[in-house]
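Visitor: Numbered by the numbering used here, the letters in the sequence shown go through residues -17 to 94 in order. Yeah, the Cβ is synthetic: ideal placement off N, Cα and C, and Gly gets one too.
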Amino acid sequence: MASIPVYSWRLAPDGLATIRQLRARGLRPGGQDVAAQIERPRYRRGPLVAYLYEIDKAKPVRPMTPAKWAALAKANTARRTCPECERDAGYVIPASLGMCVTCAYPEEQRVA
């Protein structure tokens, strides 16, 4: 089993990028293996690790299809719809409340 090179934080060579850096360029790893990793030391904990991929072997990001756009719109609408009053809250409903703020705190809404 071959080991991959490990670089210190901000000392990786040119030609390698993380998944986020690839995405910012409109690329994806495209099935290639991890080329290297960088480690960022942390106080009293294990280091943060980021995997690096070769930019030359990266492929373009697949475009969104109309079906994917429709599914994303439906999911976002569901996240904004209150299960109690069944209205669009206009914001993503907090998971901690499970309903819109108006339904969660009705007595405070009457005072205002």
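Kindly indicate which three-state DSSP category Ala6 falls into: helix, strand or coil?
Guide: Along the sequence shown, read from residue 1 onward, the residue named residue 6 stands at position 24. Looking at Ala6 - three-state DSSP - the assignment turns out to be helix.
Visitor: Measuring alpha carbon to alpha carbon, tell me which of Lys39, Pro65 and Ile75 ends up nearest Asp15.
Guide: Walking along the sequence shown from the start, residue 15 turns up at place 33. The residue with the shortest Cα to Cα distance from Asp15 is Lys39.
Visitor: Roughly how many angstroms separate the alpha carbons of Val31 and Gly13, rounded to a whole number?
Guide: Reading the sequence shown from its first residue, position 49 is the one you call residue 31. Reading the sequence shown from its first residue, position 31 is the one you call residue 13. Taking the straight line from one Cα to the other gives about 20 Å.
Visitor: Provide the residue span of the alpha helix (DSSP H) that contains Pro23, from first to last.
Guide: The sequence position of residue 23 within the sequence shown is 41, counting from 1. No alpha helix (DSSP H) holds Pro23; the beta strand (DSSP E) holding it covers Ala18 to Arg24.
Visitor: Beta-carbon within less than 6 Å of Ile1's beta-carbon, same chain only, minus the 5 sequence neighbours each way: which residues are those?
Guide: In the sequence shown, residue 1 corresponds to position 19, counting from 1. Within the same chain, Ile1 has no close Cβ partners at all.
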